[in-house]
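For the sequence shown, numbering that gives the first Met the number 0 assigns the number 0 to the initial residue and increments by one for each residue that follows. All residues carry an ideal CB built from backbone N, CA and C; glycine is no exception. Note sheet for the following structure.
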Amino acid sequence: MPQEEQDAFDRDPLWTQIGQVIWLLRQTEQNHLPPLRTIEVASAMRIHQTRASELLNDLERLRRVKATKKGRQVTWSLGPEEL
0 MPQEEQDAFD RDPLWTQIGQ VIWLLRQTEQ NHLPPLRTIE VASAMRIHQT RASELLNDLE
60 RLRRVKATKK GRQVTWSLGP EEL
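Here it is in structure tokens:
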């Protein structure tokens, strides 16, 4: 891959799974849809639910997403760092 393409790849956050999670949650909020559950994030990204949970928990520690718990169900939305 030429250096110019590699630089473009590195700058585009949608090439990373973290960037994809943020984009997915941002699209959900912009379209006024209810917050997503972990299984919905995993399904949209076509990754295993365990991996989606890891990504979301990592982002929560960075305050880029926030979790809302109702009983056993957890939904995810953008955190204070992304607003």
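By a beta-carbon distance limit of 8 angstroms, Leu13 does not contact Ser76. Their separation comes to about 19 angstroms. In this structure, DSSP gives Leu82 a state outside helix and strand, which the three-state scheme calls coil.
Contact check for Ala51 against Thr67 fails: the beta carbons are separated by 7 angstroms or more. For Trp75, the enclosing beta strand (DSSP E) begins and ends at Gln72 to Leu77. For the pair Gln72 and Asp6, the Cα-to-Cα distance works out to about 40 angstroms. Thr67: member of the beta strand (DSSP E) spanning Val64 to Lys69, first to last residue.
Its Cα nearest to that of Lys69, the residue Pro34 stands out among Glu53, Arg10, Leu54 and Pro34.
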